[in-house]
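Quick notes on the structure that follows.
Protein chains in written order, with the working numbering: chain A, 14 to 482; chain B, 14 to 482.
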């Protein structure tokens with residue numbers, strides 16, 4: 014930066030020399046000579062590669078060439094100025110673009126936001142055209158598998174805490190897949206498209222996948238069969254060790270790297286106490302082009318509703334992997350920032366939780382209101398407003414009915430309907446005595462609490478954490 | 014619903030009769046007679062007005078005709094299927110559409126999400142084309158001014174807690190403005206456009222606004238002057254009372270209603286303890302078409318940075334009002350749901366807070382990490398992973414460096430840089446003794462804590478609430 018600043022100074026000084034000579038009406042030769050010096054200095058300076066001061070555009074080109082066969086689902090748009098735009102397809106590509114544009118070389122962050130897919134929606138399965146994604150990513154050059162293991166730990170933590178039933182995380186590595194394709198005889202140019210076919214194995218049979226590989230994608234049947242022998246295997250760390258001894262696969266450099274890293278990953282996952290949740294599954298391929306290393310996908314193992322009911326069929330609920338090349342695609346100099354991350358399918362999880370609650374006929378509170386400020390007689394609106402304001406100022410979640418003279422019964426009914434646990438009742442006598450009648454909605458017990466103790470008493474009674482599940 | 018179901022049954026039965034007759038090859042006359050019956054029944058049934066089962070589209074028409082002169086800033090888009098779409102301009106119109114589509118008659122909710130404006134951005138002032146809005150709204154038929162007062166209380170609470178300096182909330186009422194326009198002699202058709210002119214009074218002088226009214230909008234100069242006499246007034250509840258005595262304005266039904274409601278509003282705001290933050294300002298007009306009653310806008314009163322520095326000029330930081338007609342515009346039967354709400358200008362507030370922190374040279378923590386798990390010697394990665402996992406499982410916000418054998422100095426430096434207050438240091442001796450060395454980064458003090466007490470000790474030391482300001 015210092016050098017550049019010095020050069021910029023020289024250019025400015027030289028520019029002034031040229032202007033000065035012109036004003037002095039110096040000879041054309043003199044001016045030409047000085048202009049030549051100026052141009053030479055400017056050439057040394059090179060194009061301005063500093064951070065542009067005003068970058069807002071994230072047009073269509075940002076998204077193309079990153080998603081493979083899923084690219085057809087990108088929502089392309091043209092604004093009234095004729096500019097070609099797209100709605101973001103996921104949060105990963107925008108994250109990578111952000112890192113490159115801001116020259117960040119390491120960061121750990123979560124991001125909850127909407128993404129858009131021009132797909133056929135399936136509302137009951139939680140599949141929409143506009144939906145939320147919840148991503149967590151770790152970017153930076155670190156020792157192998159440490160951030161990857163943390164991502165899997167976080168995925169397991171989230172899914173365990175949601176009480177959506179037992180789950181399994183399938184793990185694989187793009188390098189193992191590529192190595193396997195190579196030794197099976199798949200031409201390089203067909204790696205990605207064969208990857209997409211393999212990825213369908215969680216939905217359709219091997220026969221159908223093989224038909225697609227041979228019929229649609231022009232693979233020799235014996236090549237497909239060799240792939241079939243591999244991709245139908247899954248297991249724990251012992252399968253990793255077995256494949257490390259596989260005479261063909263262990264000869265492939267990429268596959269060997271992938272298997273070595275998976276072995277290390279399993280060690281870390283054991284230390285994190287989640288190895289029993291993980292299955293090394295050679296059929297896991299993930300459709301997206303940008304993955305370069307470990308990939309994973311969490312699937313629910315059993316229907317979350319009561320026994321005897323239809324399984325929900327919501328498919329995978331979380332997924333992710335390593336994408337070491339994506340940031341480099343947005344950097345003018347191609348500088349790479351290794352990244353690994355995961356995406357939680359919040360809408361799918363919501364639809365499961367909702368169906369579970371419906372099946373259990375559990376009532377869900379939609380507010381966290383701790384207390385309703387109520388009155389026992391008419392003409393107490395002013396007192397209710399004063400008290401609710403006091404409670405708000407003390408950090409209590411309080412409400413009142415927006416009615417001048419509500420009946421006490423209506424106020425109590427409102428609490429029953431909405432699940433508000435406490436009622437602070439003002440009456441003429443209470444005002445005289447300097448107390449508030451505090452009523453528990455569930456037990457219908459009422460006690461007089463001195464006004465100055467009310468905040469503490471409400472806090473004490475509602476200190477149990479709220480649970481949404 | 015029961016009646017409709019019965020009618021639907023009749024239509025089905027009659028339809029089967031007609032089909033039956035056709036199969037029996039009955040006379041044309043017979044069939045015609047039965048078809049006539051069927052059509053009569055169908056006419057009784059009327060068009061299907063039930064809730065459509067699959068509504069996802071929220072196209073361009075949703076947004077048109079709601080924003081007045083600001084409509085030019087709506088981001089219109091055409092997708093690759095040629096469908097005309099728009100990006101949402103605010104959160105109010107989508108909220109109203111949601112209420113109408115789901116037939117909700119009362120709800121109270123907040124919503125934080127992105128909106129889009131095809132405007133000229135001004136980054137330093139926190140004005141972008143894509144930005145967050147943070148809205149709170151109360152919908153439902155309630156006694157006058159109670160939800161309105163709560164909205165203003167919430168606005169004041171939010172702005173007070175953000176420490177962005179002193180502020181003032183300007184309040185007015187669309188009915189007072191309309192009544193004033195009527196008695197001043199503005200033709201009905203020009204109410205909204207003259208409203209837009211008045212709204213500019215916070216940025217330009219009355220002279221300029223008058224020029225626009227007369228020159229561009231064709232108002233008679235004496236009409237403009239009469240408006241000028243009113244809109245240059247502002248004050249407290251005493252101004253409301255003064256205008257209630259105004260011989261002309263008090264004769265206008267609309268203005269009288271608005272003034273009466275404002276008087277009531279001031280009473281409630283006094284009970285809420287925020288009347289001193291409120292200014293009745295006849296020049297406040299708000300550009301948007303959908304407001305029908307009380308309107309308000311919060312402005313900062315002084316520069317938030319140190320004395321002697323340039324004022325920031327970020328304009329209004331929160332605004333809102335009553336819009337009783339908007340939901341009805343989306344309801345097929347025009348059923349109205351009265352609404353009142355507010356929008357917090359989070360991006361503007363962020364830019365103010367950021368500039369204030371920059372001026373104070375305060376360091377902002379970007380994480381909430383409570384403790385770094387570190388090691389004093391090599392070959393302790395496994396122990397670090399085990400401990401960090403224990404802490405995570407206990408709900409502690411913990412981190413470790415993603416390095417196999419990091420130097421202790423580097424681990425301590427990382428804490429200094431990122432503001433992590435505690436370090437849990439593992440060493441060979443500590444492992445033998447069953448303790449962890451807990452170091453305070455600020456004081457550099459170290460104590461040995463028994464491993465089983467570590468979680469409680471970390472919780473105890475980091476129980477102070479974190480502050481981002």
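Glycine included, every Cβ here is placed at the ideal spot set by N, Cα and C.
Exercise for the section: Measure the CB-CB distance between residue 86/B and residue 161/B and report whether it falls below 8 Å. Expected result: As a first step, residue 86/B is located in the second chain; it is residue number 73 there, counting from the start. As a first step, residue 161/B is located in the second chain; it is residue number 148 there, counting from the start. Taking 8 Å as the Cβ cut-off, residue 86/B and residue 161/B do not qualify as a contacting pair.
Handout entry: Beta-ladder partner(s) of residue 453/B, from DSSP
Key = In the second chain, the residue the question calls residue 453/B occupies position 440. Its beta-bridge partners are 435/B.
Practice task
Consider the Cβ of residue 286/B: report whether some Cβ of chain A lies at a distance smaller than 8 Å.
Solution key: Here the question's residue 286/B lines up with position 273 in the second chain. Chain A places a beta carbon closer than 8 Å to that of residue 286/B, counting this residue as a contact.
Handout entry: Closest by C-alpha distance to residue 180/A, when choosing among 458/A, 292/A, 247/A and 441/A
Key = The sequence position of residue 180/A within the first chain is 167, counting from 1. Ranking 458/A, 292/A, 247/A and 441/A by Cα distance to residue 180/A puts 292/A first.
Practice task
Using only alpha-carbon positions, find the residue among 378/B, 270/B, 384/B and 388/B that is nearest to residue 430/B.
Solution key: Counting from 1 along the second chain, the entry for residue 430/B is found at position 417. Nearest in C-alpha terms to residue 430/B, of all of 378/B, 270/B, 384/B and 388/B, is 378/B.
Handout entry: Per-residue contacts from residue 155/B into chain A (C-beta, under 9 Å)
Key = The residue you call residue 155/B lines up with position 142 of the second chain. Correct list: 414, 415 and 416.
Problem - Inter-residue spacing [alpha-carbon to alpha-carbon] between residue 209/B and residue 268/B - result: As a first step, residue 209/B is located in the second chain; it is residue number 196 there, counting from the start. As a first step, residue 268/B is located in the second chain; it is residue number 255 there, counting from the start. Looking at the two C-alpha atoms, the distance is approximately 18 Å.
Problem - Whole-angstrom C-beta distance between residue 330/A and residue 299/A, which should lie under 8 Å - result: By 1-based counting over the first chain, the position of residue 299/A is 286. By 1-based counting over the first chain, the position of residue 330/A is 317. Actually they are not in contact, since the Cβ atoms of residue 299/A and residue 330/A sit about 15 Å apart, beyond 8 Å.
Practice task
May I have the straight-line CA-CA distance separating residue 150/B from residue 172/B, to the nearest angstrom?
Solution key: To locate residue 150/B, count along the second chain from 1; it is residue 137. To locate residue 172/B, count along the second chain from 1; it is residue 159. Annotation: residue 150/B to residue 172/B spans about 17 Å, alpha carbon to alpha carbon.
Handout entry: For residue 155/A, the three-state DSSP class (helix, strand or coil)
Key = In the first chain, counting from the first residue as 1, residue 155/A sits at position 142. Coil.
Handout entry: Contacting positions in the segment 363-396 of chain B - beta carbon closer than 7 Å to chain A
Key = Across the segment 363-396 of chain B, CB contacts with chain A closer than 7 Å involve 395, in sequence order along the chain.
Problem - C-alpha gap between residue 3/B and residue 116/B, whole angstroms - result: Chain B is shown only over 14 to 482; residue 3/B falls outside these bounds and no answer can be derived.
Practice task
Compute the Euclidean distance between the alpha carbons of residue 250/B and residue 279/B, then round it to the nearest angstrom.
Solution key: On the second chain, residue 250/B is found 237 positions in, with the first residue counted as 1. On the second chain, residue 279/B is found 266 positions in, with the first residue counted as 1. When rounded, the separation of the alpha-carbon atoms in residue 250/B and residue 279/B is 6 Å.
Practice task
State the Cα-Cα distance for the pair residue 111/A and residue 143/B, rounded to the nearest angstrom.
Solution key: Here residue 111/A corresponds to residue number 98 of the first chain, with the count starting at 1. Here residue 143/B corresponds to residue number 130 of the second chain, with the count starting at 1. Take the alpha-carbon of residue 111/A and the one of residue 143/B: they are about 15 Å apart.
Exercise for the section: From the DSSP output, read off the bridge partner residues of residue 146/A. Expected result: In the first chain, residue 146/A corresponds to position 133, counting from 1. Beta-bridge pairing links residue 146/A to 126/A.
Practice task
Look at the Cβ atom of residue 303/A, then the Cβ atom of residue 256/A, and state whether they are nearer than 8 Å.
Solution key: Here residue 303/A refers to the residue found at position 290 when the first chain is read from its first residue. Here residue 256/A refers to the residue found at position 243 when the first chain is read from its first residue. For residue 303/A and residue 256/A, no; Cβs fall outside 8 Å.
Exercise for the section: Step through the CB atoms of chain B and report whether any lies within less than 8 Å of the CB of residue 89/A. Expected result: As a first step, residue 89/A is located in the first chain; it is residue number 76 there, counting from the start. Closer than 8 Å: yes.
Handout entry: First and last residue of the uninterrupted alpha helix (DSSP H) at residue 472/B
Key = On the second chain, residue 472/B is found 459 positions in, with the first residue counted as 1. Unbroken alpha helix (DSSP H) run through residue 472/B: 467-474.
Handout entry: Of the residues 107/B, 243/B, 455/B and 448/B, the one placed nearest residue 427/B, counting alpha carbons only
Key = Counted from its first residue, the second chain places residue 427/B at position 414. It is 455/B whose Cα lies nearest to the Cα of residue 427/B.
Exercise for the section: For chain A, find out if any of its Cβ atoms is closer than 8 Å to the Cβ of residue 173/B; answer yes or no. Expected result: The residue labelled residue 173/B in the question sits at position 160 within the second chain. Not one beta carbon of chain A lies nearer than 8 Å to the beta carbon of residue 173/B.
Problem - Unbroken beta strand (DSSP E) run spanning residue 459/B, endpoints - result: Translated into the one-based positions of the second chain, residue 459/B becomes position 446. For residue 459/B, the enclosing beta strand (DSSP E) starts and ends at 459-463.
Handout entry: residue 413/B, DSSP secondary structure in three states
Key = In the second chain, the residue the question calls residue 413/B occupies position 400. Residue 413/B: coil per DSSP, three-state reduction.
Problem - Residue-level contact to chain B via CB, residue 146/A, 8 Å cutoff - result: Within the first chain, numbered from 1, the residue matching residue 146/A stands at position 133. So, not an interface residue.
Practice task
Identify every run of the alpha helix (DSSP H) within the segment 366-433 of chain B, keeping only runs that are complete inside it and at least 4 residues long; order them along the chain.
Solution key: Listed in chain order, they are 394-406 and 421-431.
Practice task
Compare the C-beta of residue 176/A against all C-beta atoms of chain B and say whether one is closer than 8 Å.
Solution key: The residue labelled residue 176/A in the question sits at position 163 within the first chain. So, not an interface residue.
Exercise for the section: Return the first residue and the last residue of the alpha helix (DSSP H) that residue 187/B is part of. Expected result: Numbered from its first residue, the second chain carries residue 187/B at position 174. It spans 187-197 - the alpha helix (DSSP H) in which residue 187/B sits, taken as one unbroken run.
Practice task
Could you say which of 476/B, 134/B and 120/B lies nearest to residue 351/B if we only look at CA atoms?
Solution key: Residue mapping note: residue 351/B aligns to position 338 of the second chain, counting from 1. The residue with the shortest Cα to Cα distance from residue 351/B is 120/B.
Problem - chain A contact for residue 337/B (CB, 8 Å cutoff) - result: The count along the second chain starts at 1 and reaches residue 337/B at position 324. Chain A contact via Cβ: absent.
Practice task
Could you have a look at residue 111/A and say whether DSSP puts it in helix, strand or coil?
Solution key: Within the first chain, the letter at position 98 stands for residue 111/A. Residue 111/A falls in the helix class under three-state DSSP.
Problem - N- and C-terminal bounds of the beta strand (DSSP E) containing residue 309/A - result: The residue you call residue 309/A lines up with position 296 of the first chain. From DSSP, the beta strand (DSSP E) with residue 309/A extends over 307-313.
Exercise for the section: Give a yes or no on whether the minimum CB-CB distance between residue 274/A and chain B is below 8 Å. Expected result: Within the first chain, residue 274/A is the residue found at index 261, counting from 1. Taking Cβ atoms only, chain B never reaches closer than 8 Å to residue 274/A, which makes this a no.
Handout entry: Three-way DSSP call (helix, strand, coil) for residue 293/A in this model
Key = One-based indexing of the first chain puts residue 293/A at position 280. Looking at residue 293/A - three-state DSSP - the assignment turns out to be strand.
Handout entry: Contact under 8 Å by Cβ, residue 90/B with residue 76/B
Key = Numbered from 1 along the second chain, position 77 holds the residue referred to as residue 90/B. Numbered from 1 along the second chain, position 63 holds the residue referred to as residue 76/B. Not a contact, by the Cβ cut-off of 8 Å.
Problem - Residue closest to residue 253/B, alpha-carbon to alpha-carbon, out of 213/B, 433/B, 184/B and 232/B - result: Here residue 253/B is taken as the residue at index 240 of the second chain, counted from 1. For residue 253/B, the closest of 213/B, 433/B, 184/B and 232/B by C-alpha to C-alpha distance is 184/B.
Exercise for the section: Assign residue 350/B to one of three DSSP states: helix, strand, or coil. Expected result: Taking the first residue of the second chain as position 1, residue 350/B is located at position 337. Coil at residue 350/B, not helix or strand.
Problem - Chain-ordered chain B contacts of residue 420/A [CB-CB under 8 Å] - result: Translated into positions along the first chain, residue 420/A becomes position 407. Chain B residues near residue 420/A: none, gap ~14 Å exceeds 8 Å.
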